[in-house]
Every structure is written in structure tokens, then in C-alpha cells.
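Structure record follows, encoded as C-alpha cells.
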Amino acid sequence: MSGRTVYIIPEEELVRRVQEKDKLAFEYLYDRYSKAIYGVVFRIVRSEEVASEVLNDAFLRYWERSEKYDSSKGKLYTWMVNIARNLAIDKTRSKEFSQSGKTDSVESFVYAEAALPMEEMKVDGIGVRELLSKLKPDQAEIVDLMYFQGYTQSEIEEKFNIPLGTVKTRLRAGMILLRKLLNVDK
Numbered sequence: 001m002s003g004r005t006v007y008i009i010p011e012e013e014l015v016r017r018v019q020e021k022d023k024l025a026f027e028y029l030y031d032r033y034s035k036a037i038y039g040v041v042f043r044i045v046r047s048e049e050v051a052s053e054v055l056n057d058a059f060l061r062y063w064e065r066s067e068k069y070d071s072s073k074g075k076l077y078t079w080m081v082n083i084a085r086n087l088a089i090d091k092t093r094s095k096e097f098s099q100s101g102k103t104d105s106v107e108s109f110v111y112a113e114a115a116l117p118m119e120e121m122k123v124d125g126i127g128v129r130e131l132l133s134k135l136k137p138d139q140a141e142i143v144d145l146m147y148f149q150g151y152t153q154s155e156i157e158e159k160f161n162i163p164l165g166t167v168k169t170r171l172r173a174g175m176i177l178l179r180k181l182l183n184v185d186k
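Numbering (my numbering) for the sequence shown: 1 to 186.
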């Protein structure tokens, strides 16, 4: 161990302190979430250099707009991932990125995401949310809660008072249909 004392700050307090522009709280936020968010960004941009740049931009955006976070609309991590994902997608659409030859086609991105285990699959911002309307309402709601709002399967089980097996079945059926709609079937 480094001899450094590690404190666990509850999310509500962390949000409040970051909104008050507490630099130590922001460092804690970075330490707590940067690796996971980097992974999401890297899967989109496929470049360590660009992923690091987008990650820095995302954390700057969190600092500047922390007061816009609303815990009633979702979890902090989900809010942060959505900002980072949007910045990464914007980066891939930029002229500078296109000229660098680092762009992947949407099709190759969908195939890469489909190869991930379902629990690790990230919604990618290429119209998946609109496709939810084509699912059965109970499937769409569970997919939305998991991939857009950051709920866990256990939290969904509690929210709807349904067995965990039912949550998993509806999620799997919804994901299979989404893959078909995205032409990801192999």
C-alpha cells in the first residue's frame, strides 16, 4: 500500500462537493470513475491517444456542468458515461478524426459490441434508443433501465417486484431482438 488513506465518499456527498467546486472531491471522482469511462470511450474511438483526450474533455465537462446532474433522472455514473460517449461519438464524426483514418464503420462497431457479453455491452448512440419502441414494452423498459439509466438487474427486480429470472429473460429477449433489428445476426 502507498500509505495513503482511502476514504469512501457516498455518491450524494460526492456530487454535492463537486458541484461546490471542491477540487479534492473532483480528484476522488476521477480516481473512482476514470478507468471505467476510459474503457467505454476507447471502444468507440479505438485509439489510446484519442481516448485519453476525450476522457480529459469529459472530465472538464463534468467539472463545468456538475450542477446540471440530477440524481432523480439516473445515477451519476450513467450521466458521466453518456457525456463521455457523446463526446467520443462527436470526435469520431469530426473531420480531424476522419482524416486520421481512425474511423470505423457503424457496422463494424455494432459487430464489435455484439461480440461482448451482454452484461458488458454499451449502448452506442447510433439509434438504439429509437429501436426500443419496436420491443415489447416490458422488454424495452428493462433494456432502457439497464443501458440508459444504469440500473442493475437486482435494482430492476426490486423496482418492479419481479423475479430476477424474469428480468434476465426479458433483457435477453430484448437484446436478441435489438441485434436482429441492427442486422447483427451472424
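Backbone N, C-alpha and C define an ideal beta-carbon position, used for all residues, glycine too.
Taken through DSSP and simplified to helix, strand or coil, residue 174 comes out as helix.
9 Å or more divides the Cβ of residue 87 from the Cβ of residue 65.
Under the DSSP assignment, residue 137 falls in the alpha helix (DSSP H) whose first and last residues are 137 to 147.
The beta carbon of residue 132 is closer than 7 Å to those of 140, 143, 144 in its chain, skipping five residues each way along the sequence. By the criterion of at least three beta-carbon pairs nearer than 8 Å, the segment 9 to 19 is not in contact with the segment 52 to 61. The straight-line gap separating the alpha-carbon atoms of residue 42 and residue 164 is approximately 31 Å. Under the criterion of beta carbons closer than 8 Å, residue 77 and residue 55 do not qualify as touching, at roughly 14 Å.
Rounded to whole angstroms, residue 157 and residue 70 show a C-alpha spacing of 23 Å. Of the residues 161, 178, 153, 146, the one whose Cα lies closest to the Cα of residue 130 is 178. Going by DSSP, residue 55 is part of the alpha helix (DSSP H) stretching over 48 to 65. DSSP places residue 183 outside both helix and strand once states are collapsed to three, so it counts as coil.
Residue 8 and residue 31 have their C-alpha atoms some 11 Å from each other. Excluding sequence positions up to five before and after residue 171, its CB lies within less than 6 Å of the CB of 142, all in the same chain and listed in chain order.
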